[in-house]
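Colleague: All residue numbers for the sequence shown refer to our numbering, where the first residue is 27 and numbers rise by one.
Quick reminder that beta carbons are idealized off the backbone N, C-alpha and C, glycines included.
Nothing here was measured: the structure is a model prediction, and the numbers come from that model.
My questions will all concern the structure given below.
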Amino acid sequence: MPWSLASSRPLWLRSIATGSLSLSALAAAYTGLVIPMVGVGLVAANVANGKALDAALGGVAFAVLAWPFAIVLGIIPGAVIGACGGLAVGATLTAAGTRASPRTGAAIGLAVAVAIVTAAHLVAANSLLNTRPSEGPGRLVPYLFWLAGPSLLVVAGLTWTGHSVLRVPGRAQQHGS
């Protein structure tokens, strides 16, 4: 069957939806782990100062108030980056045609993810690493939180997107492969 936009539509839609859903789910899991860790760190720092009640109230308030920011600054951008990455993966897989296998899709997803992560690091890494005057390991915290952790999620999510969009039941029978 010759290539046409109509015949590629399901792959495009699957790749955009899968990329968006996978990265938003990974971003939600990331914030679900990081928010309690930061809250526990704040509580531990204040308990050591003898302010146990203030620490408990601050930890609860932080956990509740951090979620709206996590949604706006993490989950929604994760969905948008996933959709854009899924679009690039879908376009490349569509151009590859029926020769593409799930392994090829994973490699394409990985390549797209590496391009996105490299661009993000070129834009933001220097400013995140130079935000604190100290030279200790504490100066890496903003970089690890805002860039390194999410970068790993982008790589995992888009690699999985490339692999999974080609794993459709009955695909081997439809394309004769």
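Assign serine 153 to one of two classes, buried (16 or more other C-beta atoms within 10 Å of its C-beta) or exposed (fewer than that).
Modeller: exposed
Colleague: In angstroms with no decimal places, state the Cα-to-Cα distance between alanine 109 and aspartate 80.
Modeller: 42 Å
Colleague: From what residue to what residue does the alpha helix (DSSP H) around arginine 129 run?
Modeller: 128-155
Colleague: Compute the Euclidean distance between the alpha carbons of valine 138 and arginine 193, then round it to the nearest angstrom.
Modeller: 19 Å
Colleague: Going by DSSP in three states, serine 33 sits in which element: helix, strand or coil?
Modeller: Because serine 33 sits at a pLDDT of 44, beneath the cut-off of 50, its placement in the model cannot be relied upon, and the following sentence gives the value as read from the coordinates. In the structure shown, serine 33 adopts helical secondary structure according to DSSP, grouped into three states.
Colleague: Under the assumption that valine 181 contacts leucine 119 (Cβ atoms under 8 Å), give the Cβ distance between them as a whole number of angstroms.
Modeller: That pair is no contact at about 18 Å.
Colleague: Go ahead and pull the three-state DSSP assignment for threonine 193.
Modeller: One point to set straight first is that residue 193 is arginine, not threonine, in the sequence displayed. Coil.
Colleague: Is the beta carbon of glycine 84 closer than 8 Å to that of asparagine 72?
Modeller: The beta carbons of asparagine 72 and glycine 84 sit closer together than 8 Å.
Colleague: Starting from valine 106, follow the alpha helix (DSSP H) in both directions and report where the run begins and ends.
Modeller: 102-122
Colleague: Can you look up glycine 162 in the DSSP assignment and give me helix, strand or coil?
Modeller: coil
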